[in-house]
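These notes concern the structure reproduced below.
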Amino acid sequence: MKRSKYRLPLSQRIYLIAILKGMGITARHFFTNLLRPGRMPNVGYPEKRRNYSPRFRGLQILTVKPNGEIRCTACMLCATACPADCIHITAAEHPNPEVEKFPKEFNIDMLRCVFCGMCEEACPVDAIRMGTRYELANFERNQFIYTKDDLMRAGNYTQSRVTRP
Amino acid sequence: MSTDVAVKKVSVTIDDKKVEVTPDKTVFQAAVEAGIFVPHYCYHPDLSIAGVCRMCLVEVDNAPKLQISCNTPVRDGMVVRTSSDKARQAQKGSLELHLINHPVDCPICDKAGECKLQDFYREFGLYKSRVELEDKVHKPKAKDIGTIVLDAERCILCTRCTRFTHEVTHTDELVIVNRGNRSELKTYDDGPLRNDYTGNLADICPVGALTARDFRFQQRVWFLEKKNSVCTMCARGCNTTVSVNPKTKKLYRVEPRRNPEVNKSWICDTGRWRYHYVYGESRLRTPEKISDGRVLESTWHQAFGEMKRALEDPSGIVIGLSTQLTNEEILELVLSFKESGVKHFVRIVDEQVIEERSPWDGVLKHRDHTPNAEGFARMFSMMNTKFLDCAGLAALVGEGNLRHAWFFGLEGEDVSWASRFVEALPEGVSLTLHATSRLPIWERAQWLLPAASAFEKSGTMVNALGRLQRLQAAIPRVSLARDGHAVAFGVQRGADRDAAPEARHVDLFEKLIAAPLLGREQVWKKLDPMGVALKERS
Ligand code: SF4
Ligand code: SF4
Ligand code: SF4
Ligand code: SF4
Ligand code: FES
Numbered sequence: 189m190k191r192s193k194y195r196l197p198l199s200q201r202i203y204l205i206a207i208l209k210g211m212g213i214t215a216r217h218f219f220t221n222l223l224r225p226g227r228m229p230n231v232g233y234p235e236k237r238r239n240y241s242p243r244f245r246g247l248q249i250l251t252v253k254p255n256g257e258i259r260c261t262a263c264m265l266c267a268t269a270c271p272a273d274c275i276h277i278t279a280a281e282h283p284n285p286e287v288e289k290f291p292k293e294f295n296i297d298m299l300r301c302v303f304c305g306m307c308e309e310a311c312p313v314d315a316i317r318m319g320t321r322y323e324l325a326n327f328e329r330n331q332f333i334y335t336k337d338d339l340m341r342a343g344n345y346t347q348s349r350v351t352r353p
Numbered sequence: 016m017s018t019d020v021a022v023k024k025v026s027v028t029i030d031d032k033k034v035e036v037t038p039d040k041t042v043f044q045a046a047v048e049a050g051i052f053v054p055h056y057c058y059h060p061d062l063s064i065a066g067v068c069r070m071c072l073v074e075v076d077n078a079p080k081l082q083i084s085c086n087t088p089v090r091d092g093m094v095v096r097t098s099s100d101k102a103r104q105a106q107k108g109s110l111e112l113h114l115i116n117h118p119v120d121c122p123i124c125d126k127a128g129e130c131k132l133q134d135f136y137r138e139f140g141l142y143k144s145r146v147e148l149e150d151k152v153h154k155p156k157a158k159d160i161g162t163i164v165l166d167a168e169r170c171i172l173c174t175r176c177t178r179f180t181h182e183v184t185h186t187d188e189l190v191i192v193n194r195g196n197r198s199e200l201k202t203y204d205d206g207p208l209r210n211d212y213t214g215n216l217a218d219i220c221p222v223g224a225l226t227a228r229d230f231r232f233q234q235r236v237w238f239l240e241k242k243n244s245v246c247t248m249c250a251r252g253c254n255t256t257v258s259v260n261p262k263t264k265k266l267y268r269v270e271p272r273r274n275p276e277v278n279k280s281w282i283c284d285t286g287r288w289r290y291h292y293v294y295g296e297s298r299l300r301t302p303e304k305i306s307d308g309r310v311l312e313s314t315w316h317q318a319f320g321e322m323k324r325a326l327e328d329p330s331g332i333v334i335g336l337s338t339q340l341t342n343e344e345i346l347e348l349v350l351s352f353k354e355s356g357v358k359h360f361v362r363i364v365d366e367q368v369i370e371e372r373s374p375w376d377g378v379l380k381h382r383d384h385t386p387n388a389e390g391f392a393r394m395f396s397m398m399n400t401k402f403l404d405c406a407g408l409a410a411l412v413g414e415g416n417l418r419h420a421w422f423f424g425l426e427g428e429d430v431s432w433a434s435r436f437v438e439a440l441p442e443g444v445s446l447t448l449h450a451t452s453r454l455p456i457w458e459r460a461q462w463l464l465p466a467a468s469a470f471e472k473s474g475t476m477v478n479a480l481g482r483l484q485r486l487q488a489a490i491p492r493v494s495l496a497r498d499g500h501a502v503a504f505g506v507q508r509g510a511d512r513d514a515a516p517e518a519r520h521v522d523l524f525e526k527l528i529a530a531p532l533l534g535r536e537q538v539w540k541k542l543d544p545m546g547v548a549l550k551e552r553s
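Chains as they are written, first to last, in our numbering: chain A, 189 to 353; chain B, 16 to 553.
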């Protein structure tokens, strides 16, 4: 008695209908993609790329002042806020007493970064921003340590190659 | 009669809390005793009272106006309110006044994190300035005045620093010139500071106007952890805190810790900045064997092996102990070598100044640059053992059967006084030195063993005032350096097989307590951080 209570109905027990239904979906996609490729959701990466929102959080950018010097004052607030402990700054005395302090070294370990954007939030002088660059794969571990120069150059990165499929 | 009156206490009510204080106290000091914090900038427990910052305003009984608590004497039955609306409002007003011309450049200011202006600014929530940026008076920034960097713009004119140079060092280099909002702190001749206690200025400045060149931009203070210890650069034994970043495990600064009996709130610049030998070029990192002028990196295993073999004929050995070793290390080394039959112990100390028991400059600095000469003497009398001085060593050499000299615990790069002991040894005697640094005066040694520095070991020391104080390890031992306990342990075994037990100093400290030396019950963990005054040495 109990067993019969949990028995599947015949329509499900023979699977055939479900299989046909599934194949129908596949067939529908096949023909729509064949006849109207514009509606295909896949992106032909890397020839074609998706357009990310400017608010996307990718590789950090260290911004510069109008005179080309680094904007960062080495206050270490980003390093303090960073939950992944991946920002390593060495501060030094700047020759100009008006500037006073600047980062001699500024390294971010991108293997540890979780792209949370806390560093950007913490910065009092808008010196660090989350950029939109996301292609950060590499062959060697030490290549994931982005130095001050790398991060300052990251500001030049634009999405010029990005096209909408 | 008059003393009776002075002892009689008055009772004051502060924020509904009753305290009994002596009548020579001020309201501020009474509040401190009651555990109530009153915001303040210019008051400092070890300087005279200036009453210039007006931050400590409080409401007193039915006085028509608010009073500055730091300069108002207590009166019996006084009722004080430190955080009533009226008092808070006044304190907030004072704070705003201090902030009028302040640049608020906390991101590049080294004081951020331990700055009183920043703390109160957050507490009182004065986030919106009523002064336009352009209207602020600008003053020189990052001015070099020797060991200290002066930022006149950040100064709030509390006069703590000028009082310090006037009252403590009597050098009067710092002055405040001009008036009103153009008042500016500077050295009177725009030259550098010329005293031996300049580092304290960076400590007492409640804001970031005076920062220490040595520590500037090295770390943000909130990354650091502090450990209580004592300075080992001279016989004074000033109480200190040692700041270490727990991530890098590196030592970044040494600061004074207040102890009215020893150093008040100060330490000298030597004690503050000489720690760099810990990471210096000359620091010994591995045991080194020197033969025919060639230096060979060796191992502790080999060194211990050779020493154990030499110990088979203990009559040819003399042990030299630096007065920079802790009491526990001295005990350990002497007891273990006595057990092996060694008879001769030498005290390595600057003998010309050893009898001096007070600071030569009238403030803190002693001529005896070793921290534990007093403890050394006490340890030896406790163990009923005799030690030789330099002349005694020379006499022993004259007897002619000396073959090995082992000198332990020589610390730092400034130990020129120890060279007399090295020179007293003739060619034929092989010298083994346990020291922190490789120095030209150690040239004739056959073995150099890396010693743990005072920042890497724990133990107790007795300063020139006869005060037993505790040294605490703040950083891990650099490379292969070892303290006296580990060396005594290794030599006994003749091999580097079993490591010396951790916290060996605690076991030996227990021995100290058992001996009549301390005169009262002490437990290592509970030893007063301010130290314990010992009975006079007989
Ligand atoms: S994005 Fe987050 S994890 Fe990455 S560096 Fe910034 S704070 Fe650190
Ligand atoms: S928070 Fe901004 S200014 Fe401060 S160290 Fe980071 S990037 Fe530099
Ligand atoms: S420099 Fe510092 S200690 Fe000296 S008056 Fe200014 S705020 Fe006070
Ligand atoms: S006076 Fe002596 S004990 Fe005090 S800080 Fe200077 S060197 Fe160290
Ligand atoms: S602390 Fe009282 S006036 Fe400055």
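Yeah, the Cβ is synthetic: ideal placement off N, Cα and C, and Gly gets one too.
Asked                                                                                                                                                                                  : Found
When every heavy atom of ligand 2 is checked, does at least one fall within less than 7 Å of the C-beta of residue 315(A)?                                                             : yes
Roughly how many angstroms lie between the CA atoms of residue 423(B) and residue 474(B), to the nearest whole one?                                                                    : 16 Å
What are the boundary residues of the beta strand (DSSP E) that includes residue 94(B)?                                                                                                : 93-96
To which residues of the same chain is residue 304(A) closer than 6 Å at the C-beta, ignoring the five residues directly before and after it?                                          : none
Taking 8 Å as the threshold (beta carbon to beta carbon), is residue 251(B) in contact with chain D?                                                                                   : You won't find chain D in this structure, because its protein chains are A and B.
Between which two residues does the alpha helix (DSSP H) holding residue 282(A) run?                                                                                                   : Careful: residue 282(A) lies outside any alpha helix (DSSP H) and carries neither H nor E.
Cα separation between residue 347(A) and residue 316(A)?                                                                                                                               : Summary for residue 347(A): the model assigns pLDDT 45, below 50, so the residue's position carries little reliability, and this model does not support an answer.
Closer than 8 Å, CB to CB, is residue 351(A) near chain B or not?                                                                                                                      : Only weak support exists for where residue 351(A) lies, its pLDDT of 37 falling under 50; the value from the coordinates is given anyway. Answer no: the Cβ-Cβ gap between residue 351(A) and chain B never drops below 8 Å.
Flag this pair as touching only if the region 192-201 of chain B and the region 259-273 of chain B have three or more C-beta atom pairs under 8 Å; answer yes or no.                   : no
Using the three-state DSSP reduction, which class does residue 219(A) fall into: helix, strand or coil?                                                                                : helix
Cβ closer than 8 Å: which chain B residues qualify as neighbours of residue 214(A)?                                                                                                    : What residue 214(A) touches in chain B: nothing, since even the nearest Cβ is about 55 Å away.
Would a check of beta-carbon distances place residue 250(A) closer than 8 Å to chain B?                                                                                                : no
Looking only at its chain, what residues have a beta carbon closer than 8 Å to the beta carbon of residue 298(A), apart from the 5 residues adjacent to it on each side?               : 247, 274, 324, 332, 333 and 334
Please list the partners that residue 313(A) has in chain B, where partner means a Cβ-to-Cβ separation under 8 Å.                                                                      : 122
Return the residues of the region 284-307 of chain A that lie within a Cβ-Cβ distance of less than 7 Å from chain B, sorted by chain order.                                            : 285, 286, 288 and 289
What's the gap between the Cα of residue 327(A) and the Cα of residue 308(A)?                                                                                                          : 28 Å
So, with DSSP's three-state summary, where would you put residue 344(A)?                                                                                                               : helix
Could you tell me the distance, in whole angstroms, from the CA atom of residue 342(A) to the CA atom of residue 256(A)?                                                               : 14 Å
Where does the unbroken beta strand (DSSP E) through residue 296(B) begin, and where does it stop?                                                                                     : Note, residue 296(B): premise wrong, no beta strand (DSSP E); not H, not E.
Span of the alpha helix (DSSP H) holding residue 323(B)?                                                                                                                               : 315-325
With residue 360(B) as the anchor, note down where its beta strand (DSSP E) starts and where it stops.                                                                                 : 359-363
Using a 10 Å radius around the Cβ and a threshold of 16 neighbouring Cβ atoms, would you call residue 336(A) buried or exposed?                                                        : buried
What is the residue span of the alpha helix (DSSP H) that residue 421(B) lies within?                                                                                                  : Where residue 421(B) is concerned, there is no enclosing alpha helix (DSSP H), although the beta strand (DSSP E) it sits in stretches over 419-425.
Count the other C-beta atoms from every protein chain shown that fall within 10 angstroms of the C-beta of residue 291(A), then say buried if there are 16 or more, exposed otherwise. : buried
Taking just the CA atoms, how far does residue 224(B) sit from residue 209(B)?                                                                                                         : 18 Å
Beta-carbon within less than 6 Å of residue 547(B)'s beta-carbon, same chain only, minus the 5 sequence neighbours each way: which residues are those?                                 : 483
Can you grab the Cα-Cα spacing for the pair residue 488(B) / residue 257(B), in whole Å?                                                                                               : 9 Å
For chain A, is any of its Cβ atoms less than 8 Å away from the one on residue 232(B)?                                                                                                 : yes
Unbroken beta strand (DSSP E) runs of length 3 or more, entirely within the region 117-171 of chain B: which are they?                                                                 : 158-160 and 163-165
State the Cα-Cα distance for the pair residue 239(A) and residue 269(A), rounded to the nearest angstrom.                                                                              : 29 Å
Answer with buried or exposed for residue 290(B), where buried requires no fewer than 16 other C-beta atoms within 10 angstroms of its C-beta.                                         : buried
Fully enclosed by the region 202-271 of chain A, which alpha helix (DSSP H) runs are 4 residues long or longer?                                                                        : 204-223 and 265-269
Does ligand 1 have a heavy atom nearer than 7 Å to the CB of residue 302(B)?                                                                                                           : no
Under the DSSP definition of a beta bridge, which residues are partnered with residue 447(B)?                                                                                          : 421(B) and 462(B)
Consult DSSP for residue 82(B) and reduce its assignment to one of helix, strand or coil.                                                                                              : strand
Going by C-alpha distance, which of 37(B), 281(B) and 476(B) is nearest residue 62(B)?                                                                                                 : 281(B)
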